[in-house]
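**Student:** Protein sequences appear in the order of chains A and B.
The opening position of the first sequence corresponds to residue 238 in our numbering, with each subsequent residue numbered one higher.
The opening position of the second sequence corresponds to residue 238 in our numbering, with each subsequent residue numbered one higher.
A single structure is presented below for examination.
2 protein chains.
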Amino acid sequence: MRLVVARCQVDYAGRLTAHLPLATRVLMLKSDGSVLIHSDGGSYKPLNWMSPPCTVKEGVDEDGRPEWVVTAGKTDDTLRILIDEVLHDTSHDLGVDPGLQKDGVEKHLQELLAEHPATLADGLTLVRREYMTAIGPVDLMCRDADGLSVAVEIKRRGEIDGVEQLTRYLDLLNRDPALTRKGAVRGIFAAQEIKPQARVLATDRGIACALVDYDALRGMDDGAEHRLF
Amino acid sequence: MRLVVARCQVDYAGRLTAHLPLATRVLMLKSDGSVLIHSDGGSYKPLNWMSPPCTVKEGVDEDGRPEWVVTAGKTDDTLRILIDEVLHDTSHDLGVDPGLQKDGVEKHLQELLAEHPATLADGLTLVRREYMTAIGPVDLMCRDADGLSVAVEIKRRGEIDGVEQLTRYLDLLNRDPALTRKGAVRGIFAAQEIKPQARVLATDRGIACALVDYDALRGMDDGAEHRLF
DNA sequence: TACTTAATTTCGGAG
DNA sequence: CTCCGAAGTTAAGTA
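Next up, the structure:
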């Protein structure tokens, strides 16, 4: 890992064309050849970058000024960094990182709802998780108190394409006589957060929306098996 | 901008829970309080981070070891960095960055197709760009040689949700007697790249697919007004 | 390897 | 300010 602070200009040509005017920035050169160009602001996304695999070649431009050219391995993406002045340049051996351990993503939400389906609608019981259909798995297939089938689509953030996805499942499921014997399959769209447009579309399609409280769900549980660390 | 290389452990609690075991990493502390934790690999995304607005507080943990606690301004997100050993620590004044100039994104694709609609289908002429409907704007509204209306949805990468979007527009447009007088409104799904699943769904819905060659389109043009720099 | 889906997505623009 | 859609999305899991 090499850290450089330099006044520089940057030009990228690849999936798009982009240009950074002359300014002072941090250049992070990783050992796999990838380069990140950061300013002192914004979020974690660099102003410009090159993803691995790629190689950095230090040379000079037509005017003899130092220029670093980063080329991608497979595509013809190119990143040109014209160096005006180097203010800092150090290298560090970091070794291999053990990586990030996560807990609390959609998969865990699905696990918890599978254990407590009644929080979605009174009397709901689980039939099967990841119920397979020809176009993909339904997150939860349940049955309500009247014995009607209920398909549940779970999202962390409920947006319009999640409703579309559930609609496709329902269209398919409602062609199955074994599921619709007592009536049409209902849909429940469950998410920690539901966007207004998604809610409108769901209502329009006769799909119920359920806001999920992750912390409350975890509280209902003994809480042991979902903690990874 | 402060650059620190340190052996550290990291714990994040907020929208999810995450943990980084002890290892050597680069900590980038920006002047807006945000913190990025990078390893020597991966792409531009840090292993862990805290987005601004947030504040860093340097203190010690219960065992007296240095610990940096980053807290978010509004939410209760917290990032704890337990410092085992500092290997490098420098600060740099970068100033404000003039920002990135881009060229070649979806907006430019739409501009070019609006100027050359016949590349999508023979005899196609433009009626209006960003044709407003109750559920949002249709990218291009055109008319074919027979005077039939054609709705065009443009994507850089054509995926299934783009086809769904165009389907919604068509459903709506086909309820408008003014547009359907000579026949139903047709749909064209135009993209630089069309995923197989999207193509299947489009065909199933009677929507035509058009692969767009950005470079060729730019070549048909005089080429001056689309170059930003 | 290719494709699909989630993401602490981030980022920009419009209402 | 929120809401919505695009992104050089990236990254992880699966067929």
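C-beta: ideal position from N, C-alpha, C; glycine also.
Treat the numbers as computed from the prediction; the structure is a model and nothing was measured.
Could you check if B:GLU322 is buried or exposed, using at least 16 other CB atoms within 10 Å of its CB as the buried criterion?
**Tutor:** B:GLU322 should be labelled exposed.
**Student:** Residue range of the beta strand (DSSP E) that A:ASP321 falls in?
**Tutor:** That run of the beta strand (DSSP E) goes 315-328.
**Student:** Any idea if B:LEU361 is buried or exposed, counting beta-carbon neighbours within 10 angstroms, 16 or more meaning buried?
**Tutor:** Burial call: buried.
**Student:** Look up A:LEU266 in the DSSP assignment and say whether it is helix, strand or coil.
**Tutor:** Note: A:LEU266 maps to strand in three-state DSSP.
**Student:** So, does the CB of B:THR254 fall closer than 8 Å to a CB anywhere in chain A?
**Tutor:** Yes, its Cβ sits closer than 8 Å to a Cβ of chain A.
**Student:** For B:LEU385, which residues from the same chain have a beta carbon less than 6 Å from its beta carbon, with the 5 sequence-adjacent residues on both sides left out?
**Tutor:** So the list reads LYS419 and GLY420, once near-sequence residues are dropped.
**Student:** How many Å lie between A:LEU257 and A:ILE318 at the Cα?
**Tutor:** Spanning the two alpha carbons is a distance of roughly 9 Å.
**Student:** Please list, in chain order, the chain B residues whose beta carbon lies closer than 9 Å to that of A:HIS325.
**Tutor:** Result: LEU240, THR327 and HIS329.
**Student:** With DSSP run on the structure shown, which of helix, strand or coil describes B:ASP413?
**Tutor:** In this structure, B:ASP413 counts as coil in the three-state DSSP scheme.
**Student:** Does any residue of chain B have a CB that is nearer than 8 Å to the CB of A:ASN411?
**Tutor:** Not closer than 8 Å to any Cβ of chain B, the Cβ of A:ASN411 fails to qualify, so no.
**Student:** If you draw a straight line from the alpha carbon of A:VAL467 to that of B:ARG405, how long is it in whole angstroms?
**Tutor:** Here chain A comprises residues numbered 238 to 466, so residue 467 of chain A is not present and cannot be evaluated.
**Student:** Within 10 angstroms of the Cβ of A:MET369, are there 16 or more other Cβ atoms? Answer buried if so, exposed if not.
**Tutor:** Exposed is the call here.
**Student:** Return the first residue and the last residue of the alpha helix (DSSP H) that B:LEU350 is part of.
**Tutor:** It spans 343-352 - the alpha helix (DSSP H) in which B:LEU350 sits, taken as one unbroken run.
**Student:** Could you check whether B:ASP330 and B:GLY251 sit closer than 8 Å to each other, using their CB atoms as the reference points?
**Tutor:** Their beta carbons are not under 8 Å apart, which means B:GLY251 does not touch B:ASP330 by this criterion.
**Student:** Taking the alpha carbon of A:ALA309 as the point to measure from, which residue in A:ASP277, A:GLY332, A:PRO290 and A:ARG412 has its own alpha carbon closest?
**Tutor:** Taking only the C-alpha atoms, the option nearest A:ALA309 is A:PRO290.
**Student:** Quick check: what's the CA-CA separation for A:ARG394 versus A:LEU403?
**Tutor:** Near 14 Å, if we compare the C-alpha coordinates of A:LEU403 and A:ARG394.
**Student:** Quick one: which unbroken alpha helix (DSSP H) runs of 4-plus residues sit fully inside the stretch 354-428 of chain A? Chain order, please.
**Tutor:** Within the stretch 354-428 of chain A, the complete alpha helix (DSSP H) runs of at least 4 residues are 397-410 and 414-417.
**Student:** Rounded to whole angstroms, what is the Cα-Cα separation between A:ARG464 and A:GLY341?
**Tutor:** For A:ARG464, the pLDDT reaches just 49, beneath the cut-off of 50, and the residue's location in the model is therefore unreliable, although a value from the coordinates is still provided. Cα-Cα distance, rounded: 9 Å.
**Student:** Need the endpoints of the beta strand (DSSP E) that A:VAL293 sits in, please.
**Tutor:** Run containing A:VAL293: 291-297, per the beta strand (DSSP E) assignment.
**Student:** Please identify, using Cβ separations under 7 Å, the residues of the stretch 255-285 of chain A that lie next to chain B, in order along the chain.
**Tutor:** Answer set for the stretch 255-285 of chain A: ALA255, HIS256, LEU257, PRO258, ALA260, THR261, ARG262, VAL263, MET265, LYS267, SER268, ASP269, SER271, LEU273, HIS275, SER276, ASP277, GLY278, SER280, TYR281, LYS282, PRO283, LEU284 and ASN285.
**Student:** So which of A:CYS446, A:ASP334 and A:ALA243 has the shortest CA-CA distance to A:PRO433?
**Tutor:** Minimum Cα distance to A:PRO433 is reached at A:CYS446.
**Student:** Out of B:TYR249, B:GLU430 and B:LEU454, point me to the one whose CA is closest to B:VAL306's CA.
**Tutor:** Among B:TYR249, B:GLU430 and B:LEU454, the Cα nearest to that of B:VAL306 is on B:TYR249.
**Student:** Let me make sure I understand the geometry here. Which of B:GLU348, B:ALA358 and B:HIS353 has the alpha-carbon closest to that of B:GLU367?
**Tutor:** For the residues B:GLU348, B:ALA358 and B:HIS353, the minimum Cα distance to B:GLU367 belongs to B:GLU348.
**Student:** Secondary structure at A:VAL437, three-state DSSP: helix, strand or coil?
**Tutor:** Helix, per DSSP.
**Student:** Quick one, which of B:LEU337, B:SER271, B:ARG423 and B:ILE320 has its alpha-carbon nearest B:VAL375's?
**Tutor:** It is B:ARG423 whose Cα lies nearest to the Cα of B:VAL375.
**Student:** Between which two residues does the beta strand (DSSP E) harbouring B:ARG455 extend?
**Tutor:** That residue, B:ARG455, is in no beta strand (DSSP E); its alpha helix (DSSP H) goes 451-457.
**Student:** Taking the DSSP output, what are the residues bridged to A:LEU259?
**Tutor:** For A:LEU259, which the question treats as bridged, DSSP gives no partner whatsoever.
**Student:** Could you tell me which chain B residues have their CB closer than 7 Å to the CB of A:GLU304, listed as they occur along the chain?
**Tutor:** Those within 7 Å of A:GLU304 in chain B number zero; the least Cβ separation is about 18 Å.
**Student:** Please report whether the beta-carbon of B:ASP398 lies at a distance below 8 Å from any beta-carbon of chain A.
**Tutor:** Cβ-Cβ to chain A under 8 Å: yes for B:ASP398.
**Student:** According to DSSP, is A:LEU240 helix, strand or coil?
**Tutor:** In the structure shown, A:LEU240 sits in a strand (DSSP, three-state: E or B).
**Student:** Helix, strand or coil: how does DSSP classify B:LYS339 here?
**Tutor:** If DSSP states are grouped into helix, strand and coil, B:LYS339 belongs with the strands.
**Student:** Rounded to whole angstroms, what's the CA-CA distance from A:LEU324 to B:GLN338? Just pull it up for me.
**Tutor:** Near 24 Å, if we compare the C-alpha coordinates of B:GLN338 and A:LEU324.
**Student:** Using a cut-off of 9 Å between C-beta atoms, extract the partners of A:GLN347 located in chain B.
**Tutor:** Neighbours of A:GLN347 on chain B: none; closest Cβ ~14 Å, over 9 Å.
**Student:** In this structure, how does DSSP classify A:VAL490 when only helix, strand and coil are distinguished?
**Tutor:** Because chain A spans 238 through 466 in this model, residue 490 of chain A falls outside it and cannot be assessed.
**Student:** With a threshold of 8 Å between beta carbons, is B:PRO290 in contact with chain A?
**Tutor:** Taking Cβ atoms only, chain A never reaches closer than 8 Å to B:PRO290, which makes this a no.
**Student:** Output needed in chain order: residues of the stretch 363-384 of chain A with a Cβ under 8 Å from some Cβ in chain B.
**Tutor:** Correct list: empty, as no residue qualifies.
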